[in-house]
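Residue numbers (the working numbering): 1106 to 1850. Note that CB positions come from ideal geometry on N, CA and C, so glycine has one too. Only a predicted model underlies this, so the values are computations on that prediction, with no experimental measurement involved. A short write-up of the structure that comes next.
So this is what it looks like as structure tokens:
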């Protein structure tokens, strides 16, 4: 059946070809030979299925298929564009599935058995995933089997109306009589000819997350991964293949993002025949999963995006998918309250009176929420104690949380609070009572990081303690916001609660437990605004967005450093999800001094808030806060919901940065320009403005970091797109300009 909206899934019984079609692209799968091999035909611009597109699998060429050339079965495996390649049978490229039988022999071969085409999209058990209704999503389920192992595997493909993205997942069930051990289960694979690809990824470290890296493919493997138990500061679980010359505005690009928050690998392998295998999933190192007869396993979801319109086209499709089919809850489509966080204002040195004094002054300027960060519990006056002891330190907070929350309520301020629920300090009541609750290898001294251990969340009793500790605090006072932090990686992988044959399940069980805890939290407290954090941006991934509509982007709030961080983040994740604040100068992470207005312009590209002591900043800076808040309220709906375009990259040109957000109806746009380094003896800067309606006229106003607002006339969208807007260069470094374009009609 063909639907009236912009997606369709079909199967041609005569050619045995599946077509999975989205708005402007399509994905084609072919079933070949009497053994029902599953091959990948094409992903990209749509093809004509009246043609014999199955011939693109090259099965009519040597080495042909095994039924025609049994003597070269291994040669067939080694070059066939497999839809989901398996290990141990002769495909010597990267495998997606490795399975050991009871004799620890590793070989698996999948054959197509049947399929289903569904309206809507099924949920994934225990995992975050995109969702869709029968009106706006369709799903193909390819049911496969390995009859020798008794293993059933279902490959799932979902498409969404109006979005060029495909969500993929893998479900496995042991239908045999003997236990099996999974040692690798990836979530997606894409086999295709090399188009002169570059491998694009997001690398970094603490305080400089998600910087864009681009490397040409070579014969061999390029991979990014994390073995830290989290997505990590060092690598994000997004990567892309982009044809040489692809830029933000034009060119072909294939993006891949894993909806997962633990160990991962994403790789591209260029083979002897100049083909490319592009795969992603849970990292195989440190992973195994035992499947007893009747048991099942679901791999995390992976999302593929194809764009023929450069990186901007890719980013827009990712953004729409996450906003419309991943993020959930009360705050998904709402303007977030403007908060002030006390961390950089006070660190651990605060009490009720100090917090209330900050809140009173903040309220005068229009700030709406006070967030109390680390240091309110146990005897925590530094970062060396009390994690796990989630009891209020009433020496600091006299009268407890309720008094603080009630006084904030009385002055019209919301109240937010910081937790780090997954951790335990050696100096804590919890550790003294339950040292075995920490992840550790028996007989070894576990390594400390930030003077803390990680709780073994694979154990139900530990999860119950963590949840009840957090929930009891939230029940005790009127708390509107939680910042859920995670400040160290997993190591010394050992659990006192897992038997030896399941020891390799700890990493994944840990992530599943985090998901279960957050699901319980937002179910009991549906009005809560949850922001995930991991030492800044170490767990900025699509998995976390399923539970929280925003994630703290980085502990580095310097406006100039944030340009590269936010550019890389916005390559995949929507602006509505990026936690971004205005902080004090000299900046606490790098010592740089930037204009207060520029800090506001950069933070406007995220959730917006303040990270400073408002009682100590200069009168001149404080006088700018009401105007920044008005700016946020004027433009946030546009920033939160509009189409994002990268216009210039300071990371590439080393001079200036610019990005644009265009409303869905194209009647309004907001262009932000930051002149990082000035140069002498130059004319005005010409800035092309993409995404506008060429048939409309736009009135243009320009605000610069001196506060001056100037009318720049009325211009046709065609002119602004093709000839550009001339913006005056500003005197000095680190200055910004905010350009508003709107239609009078």
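Per DSSP, the beta-bridge partners of residue 1554 are 1557. Secondary structure of residue 1511 (DSSP, three-state): helix. Close CB contacts of residue 1687 within its chain, under the 6 Å cut and outside five residues either way in sequence, are with 1704, 1705, 1708 and 1715 (chain order). For residue 1323, the CB contacts under 7 Å within the same chain, skipping 5 residues up- and downstream, are 1375 in chain order. According to DSSP, residue 1268 shares a beta bridge with 1265.
The way I'd put it, the segment 1265-1281 doesn't touch the segment 1211-1220; fewer than three beta-carbon pairs between them come closer than 8 Å. Using a C-beta cut-off of 8 Å, the segment 1166-1181 makes no contact with the segment 1262-1276, since fewer than three inter-stretch Cβ pairs fall below that distance. Here residue 1326 carries a strand assignment [DSSP, helix/strand/coil]. Ranked by Cα distance from residue 1586, the first of 1329, 1673 and 1632 is 1632.
If you ignore the 5 residues before and after residue 1629, its C-beta comes within less than 7 Å of the C-beta of 1576, all in its own chain and listed in chain order. Assigned with DSSP and collapsed to three states, residue 1585 falls in coil, not helix or strand. Sequence-distant Cβ neighbours of residue 1190 in its own chain, meaning closer than 7 Å and more than five residues away, are 1196, 1198, 1200, 1201 and 1294. In the displayed model, residue 1809 falls within a strand according to three-state DSSP.
Rounded to whole angstroms, the Cβ separation of residue 1659 and residue 1590 is 13 Å, and the two are not in contact under 8 Å. The beta carbon of residue 1161 sits closer than 7 Å to those of 1146 and 1147, all from its chain and outside the five residues before and after it, given in chain order.
Residue 1289 is bridged by DSSP to 1203. The beta carbon of residue 1611 lies closer than 7 Å to those of 1563, 1598, 1600 and 1603 in the same chain, with the five residues before and after it left out. For residue 1537, the enclosing alpha helix (DSSP H) starts and ends at 1534-1538. Secondary structure within the segment 1341-1407: the beta strand (DSSP E) runs of 3 or more consecutive residues, fully enclosed, are 1358-1364, 1369-1375, 1380-1386, 1394-1396 and 1401-1403 (chain order). Cβ contact annotation for residue 1171 (same chain, cutoff 7 Å, sequence separation greater than five): 1138, 1140, 1178 and 1181, in chain order. Every unbroken stretch of the beta strand (DSSP E) spanning 3 or more residues and falling wholly within the segment 1416-1449 is given here in chain order: 1444-1446.
With respect to residue 1464, residue 1513 sits close: the two C-beta atoms are nearer than 7 Å.
Contact check between the segment 1836-1848 and the segment 1795-1812: three or more CB pairs, one atom from each, fall below 8 Å, which counts as touching. Assigned with DSSP and collapsed to three states, residue 1542 falls in helix.
In its chain, beyond the 5 residues on either side, 1529, 1533 and 1535 have a beta carbon closer than 6 Å to the beta carbon of residue 1493. Excluding the 5 residues flanking it on each side, residue 1378 has same chain C-beta neighbours closer than 7 Å at 1184, in chain order.
A direct Cα-Cα distance of roughly 43 Å separates residue 1559 from residue 1776. Taking a cut-off of 8 Å for Cβ pairs, the segment 1784-1794 and the segment 1829-1838 touch, as three or more such pairs fall below it. Of the residues 1794, 1732, 1289 and 1614, the one whose Cα lies closest to the Cα of residue 1544 is 1614. When the beta-carbon positions are compared, residue 1309 and residue 1349 stay at least 7 Å from each other. Annotation: the continuous beta strand (DSSP E) that includes residue 1634 extends over 1634-1637. Annotation: the segment 1634-1677 contains the following complete segments of the beta strand (DSSP E) (minimum length 3 residues), in chain order: 1634-1637 and 1655-1657. DSSP, reduced to helix, strand and coil, places residue 1799 outside both helices and strands of the structure shown, so it counts as coil. Beta-bridge partners of residue 1294 (DSSP): 1384. Annotation: residue 1335 to residue 1135 spans about 36 Å, alpha carbon to alpha carbon.
Comparing alpha-carbon positions, the option among 1755, 1457 and 1838 lying closest to residue 1785 turns out to be 1838.
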